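Please read the structure below before turning to the comments.
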Amino acid sequence: MSFPVWENMRSELDVYFQGLKAIRLQDEYLQMVRKRMGILVDVVWKYTLTRPGLEIVPTFADVCIMEPFRALILDSPPETEITKESIDNLMVQLPELSAGWNRSNVAMLLQLVPASASLSDPDPADQVLSPLDLATTFFRCAWCTDPITYPRVLKHSCLMSFHSSVGEDPDDHVPAACHSIGRGTLPWNYGREQVTYDEEAAESAKAIVTACGQDPETISASAMDQLDPRIECLRCVHPQRGRMVMRWRTAVRMFVALHLDSFE
Ligand SMILES: [Zn+2]
Ligand SMILES: [Zn+2]
Numbered sequence: 206m207s208f209p210v211w212e213n214m215r216s217e218l219d220v221y222f223q224g225l226k227a228i229r230l231q232d233e234y235l236q237m238v239r240k241r242m243g244i245l246v247d248v249v250w251k252y253t254l255t256r257p258g259l260e261i262v263p264t265f266a267d268v269c270i271m272e273p274f275r276a277l278i279l280d281s282p283p284e285t286e287i288t289k290e291s292i293d294n295l296m297v298q299l300p301e302l303s304a305g306w307n308r309s310n311v312a313m314l315l316q317l318v319p320a321s322a323s324l325s326d327p328d329p330a331d332q333v334l335s336p337l338d339l340a341t342t343f344f345r346c347a348w349c350t351d352p353i354t355y356p357r358v359l360k361h362s363c364l365m366s367f368h369s370s371v372g373e374d375p376d377d378h379v380p381a382a383c384h385s386i387g388r389g390t391l392p393w394n395y396g397r398e399q400v401t402y403d404e405e406a407a408e409s410a411k412a413i414v415t416a417c418g419q420d421p422e423t424i425s426a427s428a429m430d431q432l433d434p435r436i437e438c439l440r441c442v443h444p445q446r447g448r449m450v451m452r453w454r455t456a457v458r459m460f461v462a463l464h465l466d467s468f469e
């Protein structure tokens, strides 16, 4: 065998063995992390059961990327034995970490809301303290067309699920670690690019709120829920099925799905 041929072959073999080594290391990492994530799932679930029903609690996937949990679960070397006690010892920090996580998600959502929808002069009597509470504030996820209100957006299932374009960075172990226990759960809005402000739903909601005699610039979604008006869609009267009457949130969804052309 001539020298150049051998050199060529050796570099191909090198690439091959390096590839094998990377696969083996990834397998070892996943085995290690699967065990740790399994403990974390139980511990976080027990924590969730102790929290008030309306609180938005991070899932195990959110917790595993919060320091100091991340250092213990994802980043500590395989020879470090992680037990339930080691994770339990960190749990005292979770209420505060969870509050910080909620604050940063809210700040991120507020940044998406256009200035025109922001409250220039919040009136405490209206109980609308944040643009997120307005009946006309809606978000959209990158994976479905449902108009989503706050705080539901923080629990929207598409934003916590695996999608092919999330986690394609081979150096990012988080998706594989979350996937290792087969729950299909990722940290909420992982990568931070899956939520936008839903302009179309906002326009629809404005029309609906106005039709109900309310002020779209001040009324909150919960105030609309309390008023609970029935909306009739005059464009959906059916010769056999009759008139189409619905609640306001359903009406927003219907307008976005069927009648956007009426705003053009
Ligand atoms: Zn969705
Ligand atoms: Zn209709």
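Each residue of the sequence shown is one higher than the one before, counting from 206 in my numbering. Beta carbons: idealized from backbone N, C-alpha and C, even for Gly. Here the structure is a predicted model, which is why all the values come from computation and not from measurement.
Item                                                                                                : Value
Near ligand 2: L463 beta-carbon under 8 Å from a heavy atom                                         : yes
Proximal residues to V249 (C-beta, below 6 Å), its chain only, five neighbours per side dropped     : F265, V268
Straight-line Cα distance separating G258 from L391                                                 : 22 Å
Burial state of L295, where buried means 16 or more other Cβ atoms lie within 10 Å                  : buried
Cutoff 7 Å; reference R241; Cβ partners in own chain excluding five residues on either side         : I278, I287
Where the beta strand (DSSP E) through Y402 begins and ends                                         : 400–402
heavy atom of ligand 2 below 8 Å from C441 C-beta                                                   : yes
Where H443 falls, given that 16 or more other Cβ within 10 Å makes a residue buried                 : exposed
Three-state secondary structure assigned by DSSP to G258                                            : coil
Below 6 Å from a heavy atom of ligand 1 - residues by beta-carbon                                   : C346, W348, C349, D351, H361, C363
Cβ-based burial, P380 [other Cβ within 10 Å; buried from 16]                                        : buried
Sufficient close CB pairs (3 or more, under 8 Å) joining the stretch 403–410 to the stretch 335–347 : yes
Close Cβ partners of V457 (< 8 Å) along its chain, the five nearest in sequence each way excluded   : F343, P352, A406, S409, A410, I413
Residues bridged to R345 (per DSSP)                                                                 : T401
Backbone secondary structure at V318 - three-state DSSP                                             : coil
N- and C-terminal bounds of the beta strand (DSSP E) containing M429                                : Careful: M429 lies outside any beta strand (DSSP E), inside the alpha helix (DSSP H) at 426–432.
Buried versus exposed, by CB contacts within 10 Å (16 or more), A159                                : Since the first residue of the chain shown is 206 and the last is 469, residue 159 is not available in this structure.
Buried/exposed call for P283, threshold 16 Cβ in 10 Å                                               : exposed
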